[in-house]
Every structure is written in C-alpha cells, then in structure tokens.
Amino acid sequence: MFAGRFGRISLLAAGLSGFVPVAALADSCWVHNGSLMRLTAAGNQRAFYYEHPKQVMRGAGVIHGTLLFNGSNINGRYSGTARVFSKYCPGTPLEYHVEGPVDRDQTRVTLRGNREVMERCQPTGRSITDTLVFTYSHQC
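Numbering of the sequence shown is given in our numbering, commencing with residue 703 and proceeding in unit increments.
Spelled out as structure tokens, the structure:
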C-alpha cells in the first residue's frame, strides 16, 4: 500500500499524472527522503513525525512517532527546530534551526538550515546547509 502511494507521489513530482493536487490538511502524511511522515497541526504550531521510517533511519534509532521537526507556520513559512539522527549517537539527535516556505498549492514544504557536521558524535568544526523537502502523500 505504501509503495503504491509513494509511486504516485513520484509521478506527481515528475508531472506524469493528470491528478490535480488539493491543499493538504492537518494530520496528513508526507514523504521525506524515502520515509513516510505525519504532519500534525494545532493553531500555527506544526510538527513532522516519522510514521514509517526507512531502514537506514531505523538503524539510527528512529522509530514510529519520532519527532523530526517542530515549529510554527507564519504566513506560509515554517520556522523551527529540525533534528538529524546518527547510529553513532542513538537517542541524542543534533538539533538545529530551519525555515522555509510552503508551496502555493500546499503540497510541498522546503526547509533549510545550517548545522554542525558531526563524526561519531564529535563536532568537526565544519557546518553544512541541510535541505529538508516534504511532499504531500495522503490523508493519514
């Protein structure tokens, strides 16, 4: 069931389907980097949780219900805290600030933020810009 829906998202992203997306609602499912996510909303508050993490994320200690992002939606822009997970630091995700727009049709959220590069839970003194893209899948 998930693979079929994921395939439909790929077709939508590639523009290969005649499907016209509708505005995504709260408590909806989204695809992020191969994992199925759940978006929850309360007022302006937003959070993305792992609904079905891909295998490599499970290896980093991510399970159903793990929080990836929490923050707010102000005028179509999300701003808040994202987390990056590592198998070397299970249970201790690195938190960093991200922000970015909700697409006009409300079926994609793109967040960007700078975070420190870690190696086996140790800071390296380097930083990178992360981009997190969430694409609407279906009502959960």
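All C-beta atoms, glycine included, are put in the ideal place defined by N, C-alpha and C.
- In the three-state reduction of the DSSP assignment, residue 822 falls in the coil class.
- The criterion of a C-beta distance shorter than 8 Å is satisfied by residue 748 and residue 741.
- If you draw a 10 Å sphere on the C-beta of residue 745, you find fewer than 16 other C-beta atoms in it, and that means exposed.
- Assigned with DSSP and collapsed to three states, residue 841 falls in strand.
- Residue 831 sits close to residue 816, with the two beta carbons spaced by under 8 Å.
- Under the DSSP definition of a beta bridge, residue 810 partners with 837.
- In the DSSP annotation of this structure, the continuous segment of the beta strand (DSSP E) that includes residue 733 starts and ends at 730-734.
- For residue 745, the secondary structure class from DSSP, reduced to helix, strand or coil, is coil.
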